[in-house]
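Take the sequence shown: its position 146, counted from the start at 1, is 146 in our numbering, and no numbers get skipped.
Positions of the beta carbon are idealized from the N, C-alpha and C atoms, including for glycine.
Model, not experiment: these values are computed from the prediction.
Here is the structure we will look at.
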Amino acid sequence: MPLKLPSVGIVSLGCPKNLVDTEVMLGYLKREGLELGDPDTSRVVIVNTCGFIDQAKEESVNAVLEQVRRKEAGEVDRVVVAGCMVQKYGAELAAEIPEVDHFLGLDELEKAPAAALGLPSLARFTAKPLATRLYDDLAPRVLTGRRGYAYLKVAEGCNNPCTFCTIPQMRGLQRSRSVESLVKEARSLEGQGVSELVLISQDTTRYGEDLGLGREGLAKLVAALLRETGFPWVRFLYAYPKTLHDSVLELMAAEPRFVSYVDIPLQHVSRSVLAGMRRGGDPESYLRLVDRLRTAVPGISLRSTFIAGFPGEGDAEHEELLAFVKA
1 MPLKLPSVGI VSLGCPKNLV DTEVMLGYLK REGLELGDPD TSRVVIVNTC
51 GFIDQAKEES VNAVLEQVRR KEAGEVDRVV VAGCMVQKYG AELAAEIPEV
101 DHFLGLDELE KAPAAALGLP SLARFTAKPL ATRLYDDLAP RVLTGRRGYA
151 YLKVAEGCNN PCTFCTIPQM RGLQRSRSVE SLVKEARSLE GQGVSELVLI
201 SQDTTRYGED LGLGREGLAK LVAALLRETG FPWVRFLYAY PKTLHDSVLE
251 LMAAEPRFVS YVDIPLQHVS RSVLAGMRRG GDPESYLRLV DRLRTAVPGI
301 SLRSTFIAGF PGEGDAEHEE LLAFVKA
């Protein structure tokens, strides 16, 4: 009688980029014949953590401790921890939470089956200090959630030195996937019934710079995706204020399938606060940017995020931010 493999569920925390990593781990698990299940009922649970800000780290640690509690109660056989928290704090976590069976770094997604099975050949913690790998269209993937849309991760890492963000210290400098690889994966997603393709990375507007595509890399990629696939909607997340090129806006205005939507986190508008963030910028340049977007793409929808309470922000800087948002 063949040995029954355990069911495996994943608790996925954090951003859409982390969700793609979860879906890739599910793909590797399925490829090896493991049963995929709900983490509330599975005998093996993988917690894919987020380490972006303190609140996310606290949520991740609490999620891990909840699975440890379930393991001690006999509800779970094995607990595996993966993701950004492991990449940055893996050694500390391994020492502080001995009940966790394995820790997987960002370059070790394909080890999920071995960790789930508890293979003795897999060390408990082996993550390198900095992620360098770039998963491509050859990596298996199991989509989660609604099938109407799916994320296409176009790059890993980030080159921006923002002081509030540790992504470059965890995921490394930006590494773009090839247009060919992305088109292949997009076709696969389309074949699975996906209607809306959402391009994601940490700084998607810099896609392809490292491949020699110049500042028009994102526009070239979107043009190829529109040409080679039939998605009714293609959109991208996220835009960096300094690197959003006119070629993207021109394509957006000309192609109805390229959704007229830009998510552009400005973070703040005060010169002094932005300098402390190592981002640069000021209210005048950001207002010109908004005008530029609305002029280039009539009817465009804009979304942004802002950080209040950043070190160095006083009442005057906060009022400046409020005035900008209301403008």
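The beta carbons of residue 112 and residue 171 sit about 18 Å from each other, so the pair does not count as a contact at 8 Å. Collapsing the DSSP output to three states places residue 100 in coil. Under the criterion of beta carbons closer than 8 Å, residue 167 and residue 192 do not qualify as touching, at roughly 29 Å.
Nearest Cα to residue 267 within the set 255, 303, 184: 303.
Taken through DSSP and simplified to helix, strand or coil, residue 27 comes out as helix. Shown here for residue 258: same chain residues with a beta carbon closer than 8 Å to its own, the five before and five after excluded, namely 222, 226, 234, 235, 251, 252 in chain order. A buried status is given to residue 39, since no fewer than 16 other beta-carbon atoms sit within 10 Å of its beta-carbon. Membership of residue 72 in the alpha helix (DSSP H) is indicated by the continuous run 54-72. In the three-state reduction of the DSSP assignment, residue 242 falls in the coil class, being assigned neither a helical nor a strand state. Taking a cut-off of 8 Å for Cβ pairs, the segment 21-32 and the segment 54-67 do not touch, as fewer than three such pairs fall below it. Separation of the CB atoms of residue 262 and residue 317 is rounded to 25 Å, and the pair is thereby denied contact status at 8 Å. Secondary structure note for residue 149: its beta strand (DSSP E) is the uninterrupted segment 149-153. Note: residue 82 is bridge-paired with 48, 104 in the DSSP secondary-structure output.
Relative to the Cα of residue 85, the nearest Cα in the group 207, 6, 264, 106 belongs to 106. Per DSSP, residue 276 lies in no beta strand (DSSP E); the unbroken alpha helix (DSSP H) holding it starts and ends at 271-277. At the C-beta level, residue 217 and residue 207 come within 7 Å of one another.
Distances from the CA of residue 260 to each of 282, 230, 294, 242 were compared; the closest alpha carbon is that of 294. By the neighbour-count criterion, in which a residue is buried when 16 or more other Cβ atoms sit within 10 angstroms of its Cβ, residue 4 is exposed. Less than 7 Å separates the beta-carbon of residue 79 from that of residue 101.
Residue 143 carries a coil assignment under DSSP once its states are collapsed to helix, strand and coil. The secondary-structure analysis by DSSP pairs residue 167 with nothing; it has no beta-bridge partner. For secondary structure counted as the alpha helix (DSSP H) over 4 or more consecutive residues, the segment 164-252 holds these complete runs in sequence order: 167-171, 179-191, 217-228. One Cα belongs to residue 199, the other to residue 324, and the distance between them is close to 28 Å.
Counting C-beta pairs with one atom in each stretch, the segment 154-169 and the segment 34-48 have fewer than three that are closer than 8 Å, which means they do not touch. When DSSP states are grouped into helix, strand and coil, residue 32 belongs to the coil group. Contact annotation: residue 127 and residue 83 have beta-carbon atoms that are not nearer than 7 Å.
For the pair residue 224 and residue 270, the Cα-to-Cα distance works out to about 38 Å.
Under DSSP, residue 12 forms a beta bridge with 48. Only residues of its own chain outside the window of five on either side were considered, and among them 154, 155, 218, 236, 237, 238, 239 have a CB closer than 8 Å to the CB of residue 204, listed in chain order.
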